[in-house]
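Chains as they are written, first to last, in the numbering used here: chain P, 13 to 159; chain D, 218 to 308.
Backbone N, C-alpha and C define an ideal beta-carbon position, used for all residues, glycine too.
Treat the numbers as computed from the prediction; the structure is a model and nothing was measured.
To keep things clear, I will list the structure first and then write my remarks on it.
Below is the structure:
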């Protein structure tokens, strides 16, 4: 059975990012905290989604606005910002190679970057959330088939 | 017993303390290495050392710290009421 488009988007992103991003290991579907030796890492997460009917009739076509969060994590004594910026540069270049993710989505637009730092750990951790906004369309009841 | 005596007794390695080497000097204090999870996304420990502020009056950020064979650097120092609490960064 074909997976939900959200799943297909994560899988496609992991592949597309993996071809260009060399400064971090790509991880999709991660729910537990990462061990320090797994850093630097780039988490691929699908976030909140707004859905609206875009046609008259039954079943309607749905237009779905999805937020995709790419979370870069690094742990080091120093140089966090430079390391995170390097990952962001590689991510943006990777996305630019195909902004439709192989035809899954209609657009894939960078919307924000949110840096944060945690200095409580004995190996300080830097985090950069790279947020993309995307849109895809499906027929209601067929969320595995993008239009 | 003076406050200084109380502090010294608390940090003595015969009571709650351990001996650390800070900038080449032996200092008694309490070492804590609790688990934390930065952002809920990474497994980590927060190493800290609490001692008499007088014992580390000249210690600065980046000073070398050795505790139990593990090497750290001073990341931050909070000094108040005669007590110093240092956040330690792995060296």
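Residue ranges of each alpha helix (DSSP H) run of no fewer than 4 residues wholly in the region 13-73 of chain P, ordered along the chain? 17-30
Tell me, which residues are paired with residue 121 of chain P by DSSP? P:145
Listed by chain order, chain D residues near residue 133 of chain P by CB distance under 8 Å: 253, 255, 259, 261, 262 and 263
In its own chain, which residues sit with a C-beta less than 6 Å from the C-beta of residue 234 of chain D, not counting the 5 before and 5 after it? 228, 245, 246 and 247
Is residue 271 of chain D helix, strand or coil when you go by DSSP? helix
Can you tell me whether DSSP reads residue 255 of chain D as helix, strand or coil? helix
Secondary structure at residue 297 of chain D, three-state DSSP: helix, strand or coil? Here residue 297 of chain D sits in strand by DSSP.
Chain P contact for residue 282 of chain D (CB, 8 Å cutoff): no
Are residue 255 of chain D and residue 130 of chain P close, meaning C-beta to C-beta below 8 Å? Contact: yes.
Taking 8 Å as the threshold (C-beta atoms), are residue 143 of chain P and residue 81 of chain P in contact? yes
Using a Cβ cut-off of 9 Å, which residues of the region 45-69 of chain P contact any Cβ in chain D, in chain order? 45, 46, 47, 48, 50, 51, 53 and 55
Just the C-alpha distance for residue 243 of chain D and residue 230 of chain D, rounded to the nearest angstrom, thanks. 11 Å
Have a look at D:226, D:308 and D:262 and flag the residue whose alpha-carbon is nearest the alpha-carbon of residue 283 of chain D. Comparing alpha carbon positions, the residue from D:226, D:308 and D:262 closest to residue 283 of chain D is D:308.
Can a CB atom of chain P be found closer than 8 Å to the CB of residue 306 of chain D? yes
Measuring from the CB of residue 87 of chain P, is there a heavy atom of the ligand MN at a distance below 7 Å? Inclusion of the ligand MN in the displayed structure is not the case, the ligand content being empty and no account of it being possible.
Give me the chain D residues within the contact set of residue 85 of chain P, using Cβ-Cβ distance strictly less than 8 Å, ordered along the chain. 256, 258 and 259
Show which residues of chain P have a CB atom less than 9 Å away from the CB atom of residue 285 of chain D. Among the residues of chain P, none has a CB under 9 Å from the CB of residue 285 of chain D; the nearest is roughly 13 Å distant.
Using a Cβ-Cβ cut-off of 7 Å (strictly less than) and excluding sequence neighbours within five positions of residue 260 of chain D, which residues of its own chain qualify? 254
Residue-chain proximity (residue 93 of chain P, chain D), Cβ-Cβ < 8 Å: no
Can at least three beta-carbon pairs, one atom from the region 119-130 of chain P and one from the region 40-57 of chain P, be found at a separation below 8 Å? Taking 8 Å as the limit for Cβ pairs, the verdict is that the region 40-57 of chain P does not touch the region 119-130 of chain P.
Count the other CB atoms within 10 Å of the CB of residue 107 of chain P; is the residue buried (16 or more) or exposed (fewer)? buried
Is residue 240 of chain D close to chain P, meaning its C-beta is less than 8 Å from at least one C-beta of that chain? no
Run down chain D in chain order and give the residues with a C-beta less than 8 Å from the C-beta of residue 128 of chain P. 256
Kindly give me the distance between the Cβ atoms of residue 280 of chain D and residue 288 of chain D, rounded to whole angstroms, as I take these residues to be in contact under 8 Å. About 12 Å separates the two Cβ atoms, so there is no contact after all.
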